[in-house]
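Residue numbers 9 to 328, in my numbering, belong to the letters of the sequence shown in order.
Note that CB positions come from ideal geometry on N, CA and C, so glycine has one too.
These figures come from a predicted structure and were not determined experimentally.
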Amino acid sequence: MSMTIESGQFDARWQRVLHDLSSQDWPAGCLYVVATPIGNLADLSPRALFALQKADLIAAEDTRSSRVLLNAWGIETPMIAAHRHNEAQAAATLLRHLAQGERVALISDAGAPAVSDPGGRIVSEVRAAGHAVRVIPGPSAVIAALMGSGATSDQNPAFVFAGFAPQKSVARQTWLKTWCAVPAAILFFESPHRVRSTVIDIAAIAGNERAVTVARELTKRFEQIATMPAGQLADWFAQDSQRSMGEFVLIVHEAAGKEAAALGQEAEQIVAAMLRSYSVKDTARLLAAFSGLPRDVLYAKALVLKRQGEEAQEGEARDE
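Here it is in C-alpha coordinates:
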(Lines of atoms letter the chains of each structure in order from A and count residues from 1; the text may use other names and numbers.)
(Lines give C-alpha, C1' and ligand atoms only; values in the text may rest on other atoms or scores of the structure.)
Protein backbone atom coordinates (compact mmCIF):
# COMPACT_ATOMS: atom_id res chain seq x y z
CA MET A 1 0.00 0.00 0.00
CA SER A 2 1.38 3.39 -0.98
CA MET A 3 2.10 5.81 1.86
CA THR A 4 2.63 8.79 -0.46
CA ILE A 5 0.44 11.84 0.14
CA GLU A 6 0.42 14.52 -2.51
CA SER A 7 1.36 17.92 -1.10
CA GLY A 8 -1.84 19.45 -2.43
CA GLN A 9 -3.95 16.80 -0.69
CA PHE A 10 -2.04 17.31 2.55
CA ASP A 11 -2.40 21.08 2.39
CA ALA A 12 -6.14 20.78 1.79
CA ARG A 13 -6.59 18.38 4.70
CA TRP A 14 -4.43 20.57 6.92
CA GLN A 15 -6.50 23.62 6.09
CA ARG A 16 -9.69 21.73 6.94
CA VAL A 17 -8.23 20.74 10.31
CA LEU A 18 -7.23 24.33 11.06
CA HIS A 19 -10.65 25.57 9.97
CA ASP A 20 -12.33 23.10 12.31
CA LEU A 21 -10.05 24.23 15.13
CA SER A 22 -10.90 27.88 14.54
CA SER A 23 -14.57 27.11 15.08
CA GLN A 24 -13.92 25.49 18.46
CA ASP A 25 -14.14 27.31 21.78
CA TRP A 26 -10.97 29.21 22.70
CA PRO A 27 -11.97 31.35 25.70
CA ALA A 28 -10.11 34.55 26.47
CA GLY A 29 -8.51 35.04 29.88
CA CYS A 30 -7.55 31.37 29.89
CA LEU A 31 -4.28 29.52 30.53
CA TYR A 32 -3.57 26.84 27.92
CA VAL A 33 -1.13 24.18 29.19
CA VAL A 34 0.41 22.81 26.01
CA ALA A 35 2.49 19.64 25.56
CA THR A 36 5.30 20.04 23.03
CA PRO A 37 7.54 17.52 21.19
CA ILE A 38 10.14 15.60 23.18
CA GLY A 39 12.50 15.36 20.22
CA ASN A 40 10.67 15.08 16.91
CA LEU A 41 9.23 18.47 15.95
CA ALA A 42 6.60 16.75 13.78
CA ASP A 43 4.92 15.45 16.95
CA LEU A 44 3.36 18.86 17.63
CA SER A 45 -0.39 18.31 17.32
CA PRO A 46 -2.59 20.57 15.15
CA ARG A 47 -4.46 21.65 18.28
CA ALA A 48 -1.22 22.54 20.06
CA LEU A 49 -0.06 24.49 17.01
CA PHE A 50 -3.33 26.41 16.87
CA ALA A 51 -3.20 27.16 20.62
CA LEU A 52 0.33 28.56 20.35
CA GLN A 53 -0.65 30.68 17.37
CA LYS A 54 -3.82 31.97 18.99
CA ALA A 55 -2.18 32.81 22.32
CA ASP A 56 -1.34 36.41 23.11
CA LEU A 57 1.64 35.30 25.17
CA ILE A 58 3.66 32.10 25.63
CA ALA A 59 5.34 31.31 28.96
CA ALA A 60 8.30 29.03 28.19
CA GLU A 61 10.71 27.20 30.47
CA ASP A 62 13.60 28.23 28.19
CA THR A 63 12.78 30.82 25.55
CA ARG A 64 15.89 29.99 23.51
CA SER A 65 15.12 26.29 23.09
CA SER A 66 11.41 26.95 22.57
CA ARG A 67 12.25 29.46 19.85
CA VAL A 68 13.52 26.54 17.72
CA LEU A 69 10.07 24.93 17.87
CA LEU A 70 8.20 28.17 17.25
CA ASN A 71 10.40 29.11 14.30
CA ALA A 72 9.97 25.66 12.76
CA TRP A 73 6.21 26.16 12.73
CA GLY A 74 6.19 29.88 11.92
CA ILE A 75 4.76 30.88 15.30
CA GLU A 76 5.47 34.52 16.15
CA THR A 77 3.67 34.78 19.50
CA PRO A 78 5.79 36.73 22.04
CA MET A 79 7.37 34.76 24.89
CA ILE A 80 8.44 35.26 28.47
CA ALA A 81 10.54 32.92 30.62
CA ALA A 82 8.82 30.81 33.28
CA HIS A 83 11.26 28.40 34.93
CA ARG A 84 11.81 26.96 38.39
CA HIS A 85 13.91 29.93 39.50
CA ASN A 86 11.35 32.60 38.64
CA GLU A 87 8.04 30.71 38.72
CA ALA A 88 6.53 32.92 41.43
CA GLN A 89 7.29 36.11 39.53
CA ALA A 90 6.19 34.56 36.24
CA ALA A 91 2.88 33.51 37.81
CA ALA A 92 2.23 37.09 38.91
CA THR A 93 2.99 38.38 35.41
CA LEU A 94 0.72 35.81 33.76
CA LEU A 95 -2.12 36.64 36.16
CA ARG A 96 -1.96 40.26 35.03
CA HIS A 97 -2.21 39.23 31.39
CA LEU A 98 -5.09 36.85 32.11
CA ALA A 99 -6.92 39.57 34.04
CA GLN A 100 -6.77 41.67 30.88
CA GLY A 101 -8.54 38.91 28.95
CA GLU A 102 -5.48 37.60 27.16
CA ARG A 103 -4.90 33.97 26.20
CA VAL A 104 -1.68 32.60 27.69
CA ALA A 105 0.05 29.35 26.68
CA LEU A 106 2.39 27.51 29.06
CA ILE A 107 5.07 25.21 27.63
CA SER A 108 8.16 23.43 28.92
CA ASP A 109 11.38 22.61 27.06
CA ALA A 110 9.86 19.31 25.97
CA GLY A 111 6.80 17.25 26.81
CA ALA A 112 4.14 18.16 29.34
CA PRO A 113 4.50 21.24 31.58
CA ALA A 114 4.13 20.66 35.33
CA VAL A 115 5.05 16.96 34.99
CA SER A 116 8.53 16.80 36.54
CA ASP A 117 8.94 20.26 35.00
CA PRO A 118 8.10 23.82 36.09
CA GLY A 119 4.51 24.94 35.71
CA GLY A 120 2.63 23.37 38.59
CA ARG A 121 2.79 26.51 40.72
CA ILE A 122 1.59 28.65 37.82
CA VAL A 123 -1.37 26.34 37.14
CA SER A 124 -2.28 26.31 40.84
CA GLU A 125 -2.17 30.10 41.19
CA VAL A 126 -4.12 30.66 37.97
CA ARG A 127 -6.86 28.32 39.15
CA ALA A 128 -6.89 29.91 42.61
CA ALA A 129 -7.38 33.32 40.99
CA GLY A 130 -10.48 32.02 39.23
CA HIS A 131 -9.15 31.86 35.68
CA ALA A 132 -9.87 28.93 33.38
CA VAL A 133 -7.16 26.35 32.65
CA ARG A 134 -7.29 24.14 29.58
CA VAL A 135 -4.88 21.34 28.72
CA ILE A 136 -3.63 20.51 25.24
CA PRO A 137 -2.24 16.98 25.66
CA GLY A 138 0.49 15.53 23.51
CA PRO A 139 4.03 14.10 23.64
CA SER A 140 5.23 12.63 26.93
CA ALA A 141 8.49 10.78 27.56
CA VAL A 142 6.83 8.90 30.41
CA ILE A 143 3.94 7.59 28.33
CA ALA A 144 6.14 6.95 25.28
CA ALA A 145 8.53 4.82 27.34
CA LEU A 146 5.65 2.92 28.90
CA MET A 147 4.08 2.27 25.48
CA GLY A 148 7.29 0.67 24.23
CA SER A 149 8.17 -1.32 27.35
CA GLY A 150 5.45 -3.92 27.82
CA ALA A 151 5.64 -3.18 31.55
CA THR A 152 1.87 -2.84 31.95
CA SER A 153 -1.23 -4.46 30.50
CA ASP A 154 -4.98 -3.99 30.58
CA GLN A 155 -5.11 -6.63 33.34
CA ASN A 156 -2.23 -5.02 35.27
CA PRO A 157 -2.15 -1.31 34.37
CA ALA A 158 -0.54 0.14 37.50
CA PHE A 159 2.52 2.33 37.13
CA VAL A 160 4.16 5.15 39.10
CA PHE A 161 6.21 8.03 37.73
CA ALA A 162 8.84 9.02 40.30
CA GLY A 163 10.53 11.97 38.57
CA PHE A 164 14.33 12.15 38.64
CA ALA A 165 16.45 9.78 40.71
CA PRO A 166 18.59 11.52 43.37
CA GLN A 167 22.10 12.48 42.27
CA LYS A 168 24.00 11.23 45.34
CA SER A 169 24.67 7.50 45.53
CA VAL A 170 23.45 6.87 49.09
CA ALA A 171 20.31 8.95 48.60
CA ARG A 172 19.63 7.19 45.30
CA GLN A 173 19.94 3.74 46.87
CA THR A 174 17.53 4.66 49.67
CA TRP A 175 15.16 6.12 47.08
CA LEU A 176 15.32 2.95 44.97
CA LYS A 177 14.61 0.74 48.00
CA THR A 178 11.40 2.66 48.56
CA TRP A 179 10.19 2.67 44.98
CA CYS A 180 11.24 -0.87 44.06
CA ALA A 181 9.02 -2.15 46.89
CA VAL A 182 5.91 -0.62 45.33
CA PRO A 183 3.70 -3.22 43.57
CA ALA A 184 3.70 -1.44 40.18
CA ALA A 185 5.98 -0.51 37.29
CA ILE A 186 8.22 2.39 38.37
CA LEU A 187 9.31 4.98 35.81
CA PHE A 188 11.92 7.67 36.37
CA PHE A 189 14.32 9.92 34.49
CA GLU A 190 18.09 9.56 34.62
CA SER A 191 21.00 11.51 33.18
CA PRO A 192 23.61 9.97 30.84
CA HIS A 193 26.52 10.45 33.27
CA ARG A 194 24.72 8.57 36.09
CA VAL A 195 22.73 5.92 34.25
CA ARG A 196 25.39 3.18 34.50
CA SER A 197 25.73 3.63 38.26
CA THR A 198 21.96 3.66 38.65
CA VAL A 199 21.39 0.36 36.84
CA ILE A 200 24.01 -1.28 39.07
CA ASP A 201 22.10 0.02 42.10
CA ILE A 202 18.83 -1.33 40.69
CA ALA A 203 20.31 -4.82 40.31
CA ALA A 204 21.69 -4.73 43.86
CA ILE A 205 18.41 -3.55 45.38
CA ALA A 206 15.70 -5.13 43.22
CA GLY A 207 17.61 -8.29 42.31
CA ASN A 208 19.40 -9.45 39.18
CA GLU A 209 16.25 -11.02 37.71
CA ARG A 210 14.02 -7.94 38.01
CA ALA A 211 13.02 -6.78 34.52
CA VAL A 212 14.15 -3.26 33.61
CA THR A 213 13.48 -1.23 30.47
CA VAL A 214 15.92 1.39 29.23
CA ALA A 215 14.28 3.94 26.92
CA ARG A 216 16.80 6.30 25.33
CA GLU A 217 16.46 9.31 23.01
CA LEU A 218 12.73 8.76 22.50
CA THR A 219 11.32 10.03 19.16
CA LYS A 220 14.83 11.06 18.05
CA ARG A 221 17.13 9.56 15.41
CA PHE A 222 18.90 7.20 17.82
CA GLU A 223 15.84 6.10 19.79
CA GLN A 224 16.42 2.83 21.60
CA ILE A 225 14.21 0.76 23.90
CA ALA A 226 15.64 -2.37 25.50
CA THR A 227 14.29 -4.64 28.24
CA MET A 228 16.34 -7.21 30.13
CA PRO A 229 17.03 -8.56 33.64
CA ALA A 230 18.65 -5.95 35.86
CA GLY A 231 21.77 -8.08 36.27
CA GLN A 232 22.55 -7.81 32.55
CA LEU A 233 22.32 -4.04 32.27
CA ALA A 234 25.89 -3.17 33.29
CA ASP A 235 27.32 -5.44 30.57
CA TRP A 236 24.80 -4.12 28.04
CA PHE A 237 25.97 -0.55 28.60
CA ALA A 238 29.64 -1.61 28.55
CA GLN A 239 29.26 -3.23 25.11
CA ASP A 240 28.60 0.09 23.35
CA SER A 241 29.52 3.54 24.66
CA GLN A 242 26.74 5.08 22.54
CA ARG A 243 24.19 3.40 24.80
CA SER A 244 25.15 5.75 27.65
CA MET A 245 24.39 8.87 25.62
CA GLY A 246 21.18 10.86 25.45
CA GLU A 247 18.15 11.29 27.67
CA PHE A 248 16.84 8.28 29.59
CA VAL A 249 13.63 6.92 31.02
CA LEU A 250 14.20 3.83 33.17
CA ILE A 251 11.36 1.46 34.02
CA VAL A 252 11.68 -1.06 36.84
CA HIS A 253 8.97 -3.59 36.08
CA GLU A 254 6.74 -4.87 38.85
CA ALA A 255 8.24 -7.77 40.79
CA ALA A 256 7.05 -11.11 39.42
CA GLY A 257 5.99 -14.40 40.95
CA LYS A 258 6.66 -15.26 44.59
CA GLU A 259 8.56 -12.03 45.24
CA ALA A 260 5.55 -9.90 44.32
CA ALA A 261 3.12 -12.13 46.19
CA ALA A 262 5.20 -12.01 49.36
CA LEU A 263 5.59 -8.26 49.15
CA GLY A 264 1.87 -7.73 48.70
CA GLN A 265 0.88 -10.12 51.48
CA GLU A 266 3.26 -8.57 54.03
CA ALA A 267 2.12 -5.05 53.23
CA GLU A 268 -1.54 -6.03 53.45
CA GLN A 269 -1.06 -7.68 56.84
CA ILE A 270 0.55 -4.56 58.28
CA VAL A 271 -2.09 -2.25 56.83
CA ALA A 272 -4.93 -4.52 57.99
CA ALA A 273 -3.53 -4.59 61.52
CA MET A 274 -3.25 -0.80 61.69
CA LEU A 275 -6.79 -0.32 60.37
CA ARG A 276 -8.09 -1.91 63.57
CA SER A 277 -6.89 1.16 65.49
CA TYR A 278 -6.54 3.96 62.94
CA SER A 279 -8.46 5.58 60.10
CA VAL A 280 -7.46 4.97 56.48
CA LYS A 281 -5.80 8.39 56.32
CA ASP A 282 -3.84 7.94 59.56
CA THR A 283 -2.83 4.40 58.62
CA ALA A 284 -1.31 5.62 55.37
CA ARG A 285 0.36 8.61 57.04
CA LEU A 286 1.92 6.66 59.90
CA LEU A 287 3.04 3.71 57.82
CA ALA A 288 4.55 6.03 55.20
CA ALA A 289 6.53 7.82 57.91
CA PHE A 290 7.97 4.60 59.31
CA SER A 291 8.38 2.53 56.11
CA GLY A 292 9.32 5.16 53.55
CA LEU A 293 6.70 3.80 51.15
CA PRO A 294 4.66 6.38 49.18
CA ARG A 295 1.63 7.57 51.14
CA ASP A 296 -0.71 7.48 48.13
CA VAL A 297 0.09 3.81 47.47
CA LEU A 298 -0.51 2.92 51.13
CA TYR A 299 -3.72 4.96 51.20
CA ALA A 300 -5.08 3.11 48.17
CA LYS A 301 -4.24 -0.26 49.71
CA ALA A 302 -5.77 0.72 53.07
CA LEU A 303 -8.95 1.92 51.37
CA VAL A 304 -9.37 -1.37 49.51
CA LEU A 305 -8.76 -3.44 52.65
CA LYS A 306 -11.18 -1.33 54.69
CA ARG A 307 -13.91 -1.81 52.09
CA GLN A 308 -13.24 -5.53 51.95
CA GLY A 309 -13.51 -5.71 55.73
CA GLU A 310 -16.78 -3.79 55.75
CA GLU A 311 -18.23 -6.02 53.04
CA ALA A 312 -17.20 -9.11 54.98
CA GLN A 313 -18.90 -7.77 58.13
CA GLU A 314 -22.08 -7.01 56.19
CA GLY A 315 -22.06 -10.53 54.80
CA GLU A 316 -21.68 -12.02 58.27
CA ALA A 317 -24.54 -9.86 59.56
CA ARG A 318 -26.84 -11.08 56.80
CA ASP A 319 -25.96 -14.69 57.56
CA GLU A 320 -26.91 -14.36 61.23
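Check: From the DSSP output, in three-state form, read off GLU198 for me.; Outcome: strand
Check: Please check the pair VAL41 and ALA122, which I expect to be a contact at CB under 8 Å, by giving their CB distance rounded to whole angstroms.; Outcome: 7 Å
Check: If distances are taken between C-alpha atoms only, which option among TRP81, LYS289, SER287 and ALA280 comes closest to GLY317?; Outcome: ALA280
Check: Throw me the rounded Cβ distance for the ALA118 and ILE210 pair, which I believe falls under 8 Å.; Outcome: Actually they are not in contact, since the Cβ atoms of ALA118 and ILE210 sit about 25 Å apart, beyond 8 Å.
Check: How about ILE213 and LYS185: do their beta carbons lie closer than 8 Å?; Outcome: yes
Check: Between the C-alpha atoms of ALA80 and ARG303, what's the straight-line distance to the nearest angstrom?; Outcome: 43 Å
Check: Rounded to whole angstroms, what is the Cα-Cα separation between GLU322 and LEU313?; Outcome: 14 Å
Check: How many whole angstroms separate the CB atoms of ALA63 and ALA113, which I take to be in contact at a CB cut-off of 8 Å?; Outcome: 4 Å
Check: Three or more C-beta pairs closer than 8 Å, one from the stretch 133-142 and one from the stretch 99-116: is that the case here?; Outcome: yes
Check: ILE233 to LEU52, Cα distance in whole Å?; Outcome: 22 Å
Check: In terms of residue numbering, what span does the beta strand (DSSP E) encompassing PRO126 cover?; Outcome: Looking at the DSSP string, PRO126 is not in any beta strand (DSSP E), and its letter there is neither H nor E.
Check: Helix, strand or coil: how does DSSP classify GLN232 here?; Outcome: strand
Check: CA-CA distance, ILE115 and PHE58?; Outcome: 14 Å
Check: Give me the DSSP bridge partner(s) of MET87.; Outcome: ILE66
Check: Shortest alpha-carbon distance to ALA96 belongs to which of MET282, GLY109, ALA67 and PRO191?; Outcome: ALA67
Check: Going by alpha carbons, who is nearest to TRP187 out of GLU262, PHE256, ALA223 and ASN216?; Outcome: GLU262
Check: Within its chain, find whatever has a CB closer than 8 Å to the CB of TYR286; leave out the 5 residues flanking it on each side and keep chain order.; Outcome: LEU294
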